[in-house]
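In the numbering used here, the protein residues as written are 607 to 1031.
Heads up, the beta-carbon is just placed ideally off N, CA and C, and yes, glycines get one too.
Keep in mind it's a predicted model, so treat the numbers as computed, not measured.
Here is the structure we will look at.
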RNA sequence: GUGACUGUAGCUCAACUGGUUAGAGCGCUGGCCUGUGGAGUCAGAGGCUGGGGGUUCAAGUCCCCUCAGUCACCCCA
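Rendered as structure tokens:
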């Protein structure tokens, strides 16, 4: 048996500096954003009973049919790595009885798993930030969650982001629209794509986002949902649109936004960016007023979204120039063993007291090599101690940006650190 | 699950129709330079050409399998 080289599983990725710092920064910003909107964080297990997703996401959805990481544990239970967050959140909230005190505002951030062929912006493990707002039937809650997603995008000045909104009706009017669509497409089906013919059986709404040129003329002439919305759904949608205008959030009404998961109804929305490749959506969400009941809870309306962090970071990169990160911190440079022995405790002290990185290379190198390392570390200061300094009882503090030296007395450790903290502040 | 393209040094890529010892740039280490930095120059280290099998006198190059990457389809964040 030949030895196999070890590699990360297909569709997964390792994250290293400096990329990992960008992620931390984004995550910190998300936590602050959610806090400002009054949302509390929920964390749920990374795997759940398979049945939860079958019931929550929909038996006929692609996720359940072919994308789940499902396995049996040693007790013979069928478990599944979560492919999305909403069903687990609803399960957790029901289990704890938290909906008794609805309204309830929760957000989550963490990994999801889908067994798919990887491509741009699509991985087998990816990460989502999302929110769930339970207990408000009205369009104010729709506006609230959309604002949150949009604020994140606007925060980073992503000028090519577009918000698409649509209404896909409720259980009263969707069947009527469905029938109208079927009636519209039925005579043309023979000349439409194979995919289209398949979709008719499964989910006629999906015909609307077909990309096949053969289908385009029929899709464009198809009736839109807006004509079929019942009075209640229409009123809800109109109110949301005027709220968006009042909030100054730019949007387009896109009758072809449908959403793939079974539980959505009324409001659906998406945020897209041209930086993202074939599937340009970075954030998708909407209202799911029937989901809680279908998972065994009481009749509680809900609205939320999920935002793909890998895709968001891709957008970020597309909008950033190659700006150099600012210099910060101190590179301690000891020339020789004696200097090193003096400097090591100073470094320890600095690391306790300085709110910036302190770097030190412990090998014997020339000053030149040490300074190159300082540059690579993007250190702001170099703290140099060699034989000259030792005899003079001094050290050199070099400002690497201004390229200027200062000499400071090489006093006892604690006092020295105080001095340096002050000098480098 | 389907299709196309691609796997050669740490990274980005060369190597005519199969032909001797697989090259370059960047990066790395060191010298030029007794101790002042993103530069220059010289030198050095670094490879079972993703893995396995086959064809051939001869395979980085052709064929098959496999793993992985990229992009697209299906679908989704």
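Asked, Found
"Alpha-carbon spacing of residue 892 relative to residue 643, whole angstroms", "18 Å"
"First through last residue of the alpha helix (DSSP H) which encompasses residue 718", "First-last for residue 718: 710 to 719, but that is the beta strand (DSSP E), not the alpha helix (DSSP H)."
"Supposed contact pair residue 1014 and residue 1024 - C-beta distance, whole angstroms, cut 8 Å", "Actually they do not touch by this definition, with Cβ atoms about 11 Å apart."
"Any non-hydrogen atom of the ligand COA within 7 Å of residue 991 CB", "Absence of the ligand COA from the depicted structure is noted, as is the absence of any ligand whatsoever, leaving it without description."
"Separation of residue 860 from residue 834, as counted between CA atoms", "15 Å"
"Cβ-based burial, residue 635 [other Cβ within 10 Å; buried from 16]", "exposed"
"Buried or exposed by the 16-neighbour rule on C-beta atoms within 10 Å, applied to residue 783", "buried"
"Backbone CA spacing between residue 625 and residue 755 [nearest angstrom]", "22 Å"
"Bridge-paired residues (DSSP) for residue 576", "Past the boundaries of the shown model lies residue 576; the chain is included only from 607 to 1031, so the question cannot be answered."
"Length of the line joining the Cα atoms of residue 646 and residue 715", "11 Å"
"Residue from 986, 984 and 1003 whose Cα sits closest to the Cα of residue 992", "1003"
"Rounded separation between residue 618 and residue 996 - CA only", "52 Å"
"According to DSSP, residues forming a beta bridge with residue 1032", "Because residue 1032 is not part of the residues shown, which for the chain are 607 to 1031, the question remains open."
"Local conformation of residue 783 per DSSP, three classes", "helix"
"Spatial neighbours of residue 788 in its chain, beta-carbon cut-off 8 Å, leaving aside the 5 residues before and after", "806 and 810"
"Run of the alpha helix (DSSP H) containing residue 670, from where it starts to where it stops", "Unbroken run through residue 670: none, as it is neither H nor E."
"First and last residue of the uninterrupted beta strand (DSSP E) at residue 678", "675 to 678"
"Three-state class that DSSP yields for residue 659 in the structure shown", "helix"
"Residues bridged to residue 989 (per DSSP)", "938 and 1003"
"Neighbour-count burial assignment, residue 607, 16 or more Cβ in a 10 Å radius", "In this prediction, residue 607 scores a pLDDT of 31, lower than 50, which makes its location untrustworthy; the coordinate-derived value is nonetheless stated afterwards. Classification of residue 607: exposed, given that the 10 Å Cβ count is below 16."
"Own chain residues within Cβ distance below 6 Å of residue 949, not counting five before or after", "938, 940 and 991"
"Start and end residues, alpha helix (DSSP H) containing residue 797", "Run containing residue 797: none; DSSP gives neither H nor E here."
"Separation of residue 776 from residue 836, as counted between CA atoms", "8 Å"
"Cβ-based neighbour list, residue 978, same chain, cut-off 6 Å, excluding 5 preceding and 5 following", "none"
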